[in-house]
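Respectively, the protein sequence lines represent chains A and B. Each residue of the first sequence is one higher than the last, beginning at 12 in our numbering. Each residue of the second sequence is one higher than the last, beginning at 222 in our numbering. In this text, a Cβ means the ideal position worked out from N, Cα and C, and glycines have one as well. Here the structure comes first, spelled out in structure tokens, and everything after it is commentary.
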Amino acid sequence: MAQRRLTGLILLLALSLSPVIAAEPPAAAILGTPPQPGWSLLTAQQKAILAPLSASWESMDNLRRKKWLAIAHRYPGLKPDEQGRIRERMQEWAALTPEQRAKIRDSYKEFSRLPPEQKQAVKQKWEIYSNLPPDERERLRQGGKSGQLLTSRPPEIPGKASETPVQAETTQPLANKSQ
Amino acid sequence: MNEERYASRIRQVLNHGLKDISPASAKRLEASRHLALSRQKAPVHEVSLATGGHGFHLPTSFHEARWLRPLLAAIALLLGMWISFYLDANRYVSEIEEIDSALLADDLPIEAFLDKDVFQWLKDDSPD
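Written as structure tokens, this is what we have:
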């Protein structure tokens, strides 16, 4: 009887440890990660690669440390431009909330499954979109499909935006929207 | 069951005819009794360790060690759970590391994926 109760209790504990919030790592993964080395115990190569994270390393949980150590292990095999981008983005990435990281990962997984030509189109559209002022971005998104970014070139100089066809087409909806 | 009945019958016969048994038969019976006793299960002993005046008893029979079974089962279960957690953690870290290193190294910046609605809008290549 006591054995049954004990087994039931342990099974209940195991079930309660299953992942509940997608943004957070599963409890089982947290419990199953052994302690990871502190900053002073890293090798010189790991320190050099993970230097942007040196200030936040000690406050990181074991799971994140393990992940970054795995990235550091992969790092030497990457192309120089990829290495540069990883180092540039390390701090920015580490500063995001778990929810933001989860969202980005979800979108990136979708992006990585796209055919190469569609990936290229997304990159081109982003290049144009990201250079627009915030109100212009909003107008374009309200105005229609993102394909217009490639067909009718938006303004290169934000100050002269109203001279372009895209701006002219979207002026009216913005006026309506502000009412 | 038959054996018990047979033994009971022998006992009755022996009780009634004890005086009539010849010395040779009595000797053979005695020898048989000794043989039977020697084949009986040995009594259970406990091993005691003297620990500063307090006896520490180790159970030596399986019957006495029955309380150990649930304990060993619980330890085995916990160990199994931890191994499962460890494998889960490795799988999770490996999956996350693969995505993170790819997206951090990609020429499309992180911001492009931060707003899911924007990303879906950019991704949509259907005609107007």
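Neighbours of Ser157(A) across chain B, judged by C-beta separation under 7 Å: Trp342, Leu343, Asp345. Look at Leu335(B): its C-beta is under 9 Å from a C-beta on chain A. Taking a beta-carbon distance threshold of 9 Å, Gly43(A) counts as an interface residue toward chain B. A Cβ-Cβ contact shorter than 9 Å links Leu160(A) with Gln135(A).
Among the CB atoms of chain B, none fall inside 9 Å of the CB of Lys58(A).
Just measuring C-alpha positions, the residue of Ala326(B), Tyr227(B), Ser305(B) sitting nearest Ala38(A) is Ser305(B). Within the same chain, and ignoring the five residues on either side of Ala105(A) in sequence, the residues whose Cβ sits closer than 7 Å to its Cβ are Leu64, Ser67. Proximity of Ala326(B) to chain A, defined by a Cβ-Cβ separation below 9 Å, is satisfied. At a beta-carbon threshold of 9 Å, the residues of chain B lying near Arg152(A) are Asp338, Val339, Trp342, ordered along the chain.
In this model, Gly49(A) and Pro144(A) are separated by some 43 Å (Cα to Cα).
Classified as exposed, Ile231(B) has fewer than 16 neighbouring CB atoms from the shown chains inside 10 Å of its CB. Leu300(B) has a beta carbon lying at 9 Å or more from every beta carbon in chain A. Contact between the stretch 73-90 of chain A and the stretch 106-118 of chain A is not established, with fewer than three Cβ pairs separated by less than 8 Å. In this structure, the straight-line span from the alpha carbon of Asp328(B) to that of Glu316(B) is close to 20 Å.
Going by beta carbons, Leu42(A) and Met101(A) fall outside the 9 Å limit.
Rounded to the nearest whole angstrom, the C-alpha separation of Asp336(B) and Leu299(B) is 42 Å.
It is roughly 7 Å from the alpha-carbon of Lys120(A) to the alpha-carbon of Ile320(B). Residue contact with chain A for Ile317(B): present (Cβ-Cβ distance below 9 Å to some residue of chain A).
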